[in-house]
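Undergrad:
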Amino acid sequence: MSPQTLTLLGSTGSIGQSTLAVVRLHPERYRIFALCAHRQWEKLREQCREFQPDYAVVGEAKDALSLQDELRKMRLKTEVLHGPEALCQVAAAAEADMVMAAIVGAAGLPSALAAARAGKKILLANKESLVMAGALFMQTARENGARVLPVDSEHNAIFQSLPHDFSGDWAQGGIRKLWLTASGGPFLDFSADALLRVTPKQAIQHPRWSMGQKISVDSATLMNKGLEVIEAHWLFNAPPEAIEVVVHPQSVIHSLVEYVDGSMLAQLGNPDMRAPIAHALAWPERVASGVQSLDLCQIARLDFRAPDKARFPSLQLAYDALRMGGAASAILNAANEVAVAAFLEGRLSFPGIPRCIEAVLDAMLPMPAGTLETIQFADAAARREATKGVKK
Ligand code: NAD
Ligand code: MG
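Taken in order, the sequence shown gives residues 14 to 405; the numbers are from our numbering.
Okay, structure coming up:
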């Protein structure tokens, strides 16, 4: 069997590096076709040294020149490209069997969509693609025979707990609800008063998962769970009222499916993204991920509680945007990205993040989300509106 080829979008990030850790275990099964990063070209150089891809993509032309120069010195044949178009090119290339979409934020949408248009097997970590363009993305995948495999741990758990032949028909599957688990983030027990003073450094110190900065802040505000509600809606054809969130601080149960007979099926494991990554890579087979066995006796207990929507209003804002339809979720996502960046730079308080998002949703008129262009138009308008609400 010849190895399957992979384009890895966002290779220098947290998910990107975990993906390479799994690929490293299975050189006979997987070969890297393209590695893509944004600014960290030196880290990318080291990844190229090890995995020898056909292509490497960076954001800027000057970094592409430096990288190409060094790769030549290393006698590698890797061709270096740059810019957003090049991301779409390697995502859609005929030589790539699979695409791991692990760029963070709205920047990940065009290349993920290009992979859908090219009918790839898509390992989807970039949840923002579905939040911004869920209808368009899923329709494009369907029309072009692309298979979307969720990498987000909750959605991967749900995918594993659904009937194997699940086609989106809830009545046929006997499904009543989806339960997304949330760790609750680092501020789970902070009072509303204490939340006023939390710092970026505290926010990016997640108690269970090691992740990129943006998703770590999203986990702290519970916006990550809000984005995941929207993601679940599109992936599994789930009505908003059938998607529940439960706080589970140990992050051992990664999510559950509730059936009409009262059964709940769940996927459990150590909180380590290599498990869902390996699942999506190998699906429908299974391969080793490097993740340790879960020691149930050591964990001893599993706790659950309802999320506090008063202290963490972002979760409700996401349900609201999902129900509004059109480009409302793209507007929510854009406002969140601006607010999180401002928080990380010390220009906005932690409770200022949901306040900024709510103000943007209130200020903007309904907008359509039928094409990539209309979605990007709404995204840009929401960024301008959000920028008004944060300090320069
Ligand atoms: P990260 O910040 O660690 O890495 C982001 C990657 O995207 C980097 O390789 C960076 O070079 C690239 N990138 C950033 N901006 C870019 C741009 N404009 N153009 C091209 N590339 C760009 O992020 P992460 O934590 O790995 O998260 C990646 C995605 O996976 C996010 O959408 C996140 O929500 C999702 N996700 C992450 C985790 C996790 O455990 N980290 C879990 C579930 C889902
Ligand atoms: Mg998740």
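Think of the CB as a built atom: it goes at the ideal place given N, C-alpha and C, for glycine as much as any other residue.
(1) Taking 7 Å as the cut-off, is the CB of cysteine 61 close to at least one heavy atom of the ligand NAD?
(2) Cα-Cα, which of Gly338, Ala393, Arg396 is closest to glycine 383?
(3) What does the Cβ neighbour count give for aspartate 375, buried or exposed, with the cut at 16 atoms within 10 Å?
(4) Who are the near neighbours of glycine 282 in its chain, counting only those whose CB is closer than 7 Å to its CB and skipping five residues on each side?
(5) Apart from the five residues on each side of it in sequence, which residues of its chain come closer than 6 Å, Cβ to Cβ, to lysine 404?
(6) May I ask you to verify whether the segment 268 to 280 touches the segment 200 to 216, counting CB pairs closer than 8 Å and requiring at least 3?
(7) Can you look up phenylalanine 356 in the DSSP assignment and give me helix, strand or coil?
(8) What does DSSP give as the partner residue(s) for isoleucine 388 in the beta ladder?
(9) Which partner residues of tryptophan 222 appear in the DSSP bridge assignment?
(10) Check whether the Cβ atoms of glutamate 108 and phenylalanine 203 sit closer than 8 Å, and answer yes or no.
(11) Excluding five sequence neighbours on each side, which residues of the same chain lie with their C-beta closer than 7 Å to the C-beta of proline 284?
(12) Nearest by alpha-carbon distance to leucine 191: which of Val161, Ala255, Leu248 is it?
(13) In the DSSP assignment, the alpha helix (DSSP H) including glutamine 17 goes from what residue to what residue?
(14) Which stretch, first to last residue, makes up the beta strand (DSSP E) that contains leucine 162?
(15) Exposed or buried, asparagine 157, counting other C-beta atoms within 10 Å across all chains shown (16 or more means buried)?
(16) How is phenylalanine 203 classed by DSSP in three states: helix, strand or coil?
(17) Going by the CB atoms, is the gap between alanine 340 and valine 373 shorter than 8 Å?
(18) Whose C-beta lies closer than 7 Å to the C-beta of proline 381 among residues of the same chain, with five residues either side of it excluded?
(19) Can you list, in chain order, the residues of its chain whose CB lies under 7 Å from that of asparagine 237, leaving out five sequence neighbours each side?
(20) Can you find at least 3 beta carbon pairs, one from the segment 83 to 93 and one from the segment 137 to 152, that sit closer than 8 Å?
TA: Let me spell this out:
(1) Here residue 61 corresponds to residue number 48 of the sequence shown, with the count starting at 1. For the ligand NAD, not one heavy atom lies less than 7 Å from the Cβ of cysteine 61.
(2) For the purposes of this step, residue 383 is taken as residue 370 along the sequence shown, with counting starting at 1. Nearest option by C-alpha distance: Gly338.
(3) In the sequence shown, residue 375 corresponds to position 362, counting from 1. Answer is exposed; the Cβ neighbour count stays below 16.
(4) Locating residue 282 in the sequence shown gives position 269, counting from the first residue. The answer, listed in chain order, is His267, Ala288, Val304, Leu307.
(5) By 1-based counting over the sequence shown, the position of residue 404 is 391. Answer for lysine 404: Arg360, listed in chain order.
(6) no
(7) For this step, residue 356 is matched to residue 343 along the sequence shown. Phenylalanine 356 falls in the helix class under three-state DSSP.
(8) In the sequence shown, counting from the first residue as 1, residue 388 sits at position 375. Isoleucine 388 pairs with nothing; no bridge assigned.
(9) In the sequence shown, residue 222 corresponds to position 209, counting from 1. According to DSSP, which records beta bridges pairwise, tryptophan 222 is partnered with nothing at all.
(10) Here residue 108 refers to the residue found at position 95 when the sequence shown is read from its first residue. Here residue 203 refers to the residue found at position 190 when the sequence shown is read from its first residue. Contact: no.
(11) Locating residue 284 in the sequence shown gives position 271, where the first residue counts as 1. Arg221, Trp222, Ser264.
(12) Within the sequence shown, the letter at position 178 stands for residue 191. The shortest Cα separation from leucine 191 among Val161, Ala255, Leu248 belongs to Ala255.
(13) Start at 1 with the first residue of the sequence shown, and residue 17 comes out as number 4. Careful: glutamine 17 lies outside any alpha helix (DSSP H), inside the beta strand (DSSP E) at 17 to 22.
(14) Here the question's residue 162 lines up with position 149 in the sequence shown. Element bounds for leucine 162: 160 to 163.
(15) Taking the first residue of the sequence shown as 1, we reach residue 157 at position 144. When all chains shown are included, asparagine 157 counts as exposed.
(16) In the sequence shown, counting from the first residue as 1, residue 203 sits at position 190. DSSP places phenylalanine 203 in coil when its eight states are reduced to three.
(17) Counted from its first residue, the sequence shown places residue 373 at position 360. Counted from its first residue, the sequence shown places residue 340 at position 327. Against a cut-off of 8 Å, the Cβ pair of alanine 340 and valine 373 comes out as no contact.
(18) Taking the first residue of the sequence shown as position 1, residue 381 is located at position 368. For proline 381, where only same-chain residues beyond five positions count, the Cβ hits under 7 Å are Gly339, Ala340, Thr387.
(19) Taking the sequence shown and counting its residues from 1, one reaches residue 237 at position 224. Excluding sequence neighbours, asparagine 237 sits near Ile228, Asp231.
(20) no
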